[in-house]
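**Q** Each residue of the sequence shown is one higher than the last, beginning at 35 in our numbering.
Cβ coordinates follow ideal geometry from the N, Cα and C atoms, glycine included.
These figures come from a predicted structure and were not determined experimentally.
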Amino acid sequence: MADPTRIWTAALIVIGDEILSGRTQDKNISQIATWLNVQGIRLREVRVVADDSDAIVESVNILRARNDYLFTTGGIGPTHDDITVDAIAAALGVPVEVHPQARAMLAGYYETRGGLTEARLRMARVPAGASLIENCMSGAPGIRHGNIFIMAGVPHITAGMLDSLTGTLEGGLPLLSATIGCWVAESEIADLLGAAEQAHGDARSAAIPFSAKGARARTLSCARPTPARSTSASRRSARRSNRAGGRSSRTGSKGQRFAANQMTWRGPLPLSRAFTATSSTANLALRRRRVKASSDPADQTARMPPGRSASRAIVSP
């Protein structure tokens, strides 16, 4: 029987000169981390590397050895600088080959789009022994080789590949979180949050600043795995919660509405309640919601009175 307390881990390598140059802003770290939380897997490390074979090989060999899973994004397209497949094959010590199923997929996709050219055929190349990850967005599939998952760099294509992997990876308890808002300075609750984390060893918290209509504010973040029960039951519960709601919402005209990925709450939250919700899960009378990859907590803003300081807390029972 699997150990229910085991923490499964993953690392991510973001590959591309365009990310490091600042020309392109990465959106995959957030959506992959969010998706992994629901699968019961913790994203422990992220590296951003250039389109450099030696750098990719080094990162792959280090991260795949110390994590249960390794994900990569970028560098699997049809152009000359798409070298991820070649670099990972070198790291694994295997040759590169054209996957027959991938070739058939590309041939069908491009049949009415100009045909399968040599450049497009590059997207059928895989490290020998690899299997494919379904891509419902375009013709080129992702690649899986052992515990390595090689995915596209385009965020919406990456999201489709993640969707096809949902429920297929072994993991622990899904990580759930919620949001609490309060008008209080970070320094006033720092000791309380520290004490709460010490009292609950499997919870993690952090204070993160954000702005809301000119007012200074804080995000108080805490994450914790779901209560001990079967992993499949936890994931079913998370899926049900997400279908019931939990999407980000705008500020209403009749009071503040905080709607994080996991729960919805109205009105300012006193300091005492913020601490109670953080330190005692039994007293957390808030609706929980599953992490949803398409929601971005950074996009959620708060309406605060002029001159007031605001805080928002993400607490995960």
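1) Excluding the five sequence neighbours on either side, which residues of its own chain have a C-beta within less than 8 Å of the C-beta of serine 55, listed in chain order?
2) Measure the alpha-carbon distance for leucine 150 versus tyrosine 103 and round it to whole angstroms.
3) Reducing DSSP to helix, strand and coil, say where histidine 179 ends up.
4) Which residues share a DSSP beta bridge with leucine 77?
5) For valine 48 versus valine 82, is the C-beta distance shorter than 8 Å?
6) Please classify arginine 159: does DSSP put it in a helix, a strand, or coil?
7) Please classify valine 132: does DSSP put it in a helix, a strand, or coil?
8) Look at glycine 108 and methionine 139 and say whether their C-beta atoms are less than 8 Å apart.
9) Considering only residues of the stretch 190-233, which uninterrupted beta strand (DSSP E) runs meet the minimum length of 3 residues and lie entirely inside it, listed in chain order?
10) Any contact between the stretch 79-99 and the stretch 118-138? By contact I mean 3 or more CB pairs, one from each, below 8 Å.
11) Per the contact definition of three or more C-beta pairs closer than 8 Å, is the stretch 156-168 in contact with the stretch 66-79?
12) Going by CA-CA distance only, name the one from Asp236, Pro175 and Leu227 that's closest to glycine 187.
13) What is the DSSP secondary structure of valine 188, reduced to helix, strand or coil?
14) For the alpha helix (DSSP H) that contains leucine 97, what are its first and last residues?
15) What does tyrosine 103 pair with, by DSSP beta-bridge criteria?
16) Kindly list the residues whose CB is nearer than 8 Å to the CB of glycine 163, restricted to its own chain and excluding five residues on each side of it in sequence; keep chain order.
17) Does the beta-carbon of aspartate 197, which I'm using as the reference point, lie nearer than 7 Å to any heavy atom of the ligand NAP?
18) Among the residues of its own chain, which have a CB less than 6 Å from the CB of isoleucine 177, if the five just before and after it don't count?
19) Alpha carbon to alpha carbon, how far is isoleucine 182 from phenylalanine 105? Give it in angstroms, no decimals.
20) Just the C-alpha distance for glycine 201 and isoleucine 75, rounded to the nearest angstrom, thanks.
21) Note down, in chain order, each residue of its chain lying with its Cβ closer than 6 Å to the Cβ of glutamine 73, except the 5 sequence neighbours on either side.
22) Does DSSP classify arginine 238 as helix, strand or coil?
23) So, is glycine 50 buried or exposed, given that buried needs 16 or more other C-beta atoms within 10 angstroms?
24) Counting C-beta neighbours from all protein chains within 10 Å, is the total for alanine 193 16 or more, i.e. buried, or is it exposed?
25) Tell me where the alpha helix (DSSP H) around isoleucine 167 begins and ends.
26) Alpha carbon to alpha carbon, what distance is there between leucine 210 and alanine 237?
27) In terms of alpha-carbon separation, which member of Glu152, Asp115, Glu145 and Gly142 lies closest to valine 132?
28) Between Glu52, Asn62, Trp42 and Thr39, which has its C-alpha nearest leucine 196's C-alpha?
29) Over the uninterrupted alpha helix (DSSP H) stretch that includes glutamate 52, give me the two end residues.
30) Contact defined as beta carbons within less than 8 Å: I believe serine 239 pairs with leucine 227. What is the distance between those atoms, to the nearest angstrom?
31) Who does valine 82 pair with in a DSSP beta bridge?
32) Shortest alpha-carbon distance to serine 64 belongs to which of Leu46, Glu52 and Thr58?
33) Roughly how many whole angstroms lie between the Cα atoms of isoleucine 110 and alanine 121?
34) With 16 other CB atoms within 10 Å as the buried threshold, where does proline 208 fall?
**A** The relevant details are as follows:
1) So no residue of the chain qualifies.
2) So the two alpha carbons sit approximately 32 Å from each other.
3) Under the three-state reduction of DSSP, histidine 179 is assigned to strand.
4) Looking at the DSSP assignment, leucine 77 forms a beta bridge with Ala44.
5) Yes, Cβ-Cβ distance for valine 48 and valine 82 is below 8 Å.
6) Note: arginine 159 maps to strand in three-state DSSP.
7) In the structure shown, valine 132 sits in a strand (DSSP, three-state: E or B).
8) With respect to the 8 Å criterion, glycine 108 and methionine 139 are not classified as neighbours on the basis of their beta carbons.
9) The stretch 190-233 contains these whole beta strand (DSSP E) runs: 212-216.
10) With the cut-off at 8 Å, the stretch 79-99 and the stretch 118-138 touch.
11) With the cut-off at 8 Å, the stretch 66-79 and the stretch 156-168 do not touch.
12) With distances taken between Cα atoms, glycine 187 lies closest to Pro175.
13) Coil.
14) The continuous alpha helix (DSSP H) containing leucine 97 extends over residues 87-100.
15) Tyrosine 103 is bridged by DSSP to Ala44.
16) Excluding positions up to five away in sequence, the list reads Val128 and His179.
17) Absence of the ligand NAP is noted for the structure shown, with no ligands found whatsoever.
18) Val160, Ala164 and Ile184.
19) Rounded to whole angstroms, phenylalanine 105 to isoleucine 182 spans 6 Å at the Cα level.
20) Whole-angstrom Cα-Cα distance: 11 Å.
21) These residues qualify, in order along the chain: Leu203 and Gly205.
22) In the displayed model, arginine 238 falls within a strand according to three-state DSSP.
23) Residue burial is scored here from C-beta neighbours: glycine 50 has at least 16 other C-beta atoms within 10 angstroms and is therefore classed as buried.
24) Classification for alanine 193: buried.
25) That residue, isoleucine 167, is in no alpha helix (DSSP H); its beta strand (DSSP E) goes 165-167.
26) Roughly 10 Å between the two C-alpha positions.
27) If we check each option's Cα against that of valine 132, Glu152 comes out closest.
28) Cα-wise, what sits closest to leucine 196 is Asn62.
29) Where glutamate 52 is concerned, the enclosing alpha helix (DSSP H) starts and stops at 51-54.
30) Correct: roughly 5 Å between the Cβ atoms.
31) According to DSSP, which records beta bridges pairwise, valine 82 is partnered with Val48.
32) Its Cα nearest to that of serine 64, the residue Leu46 stands out among Leu46, Glu52 and Thr58.
33) Straight-line measurement puts the Cα of alanine 121 at about 11 Å from the Cα of isoleucine 110.
34) That one is buried.
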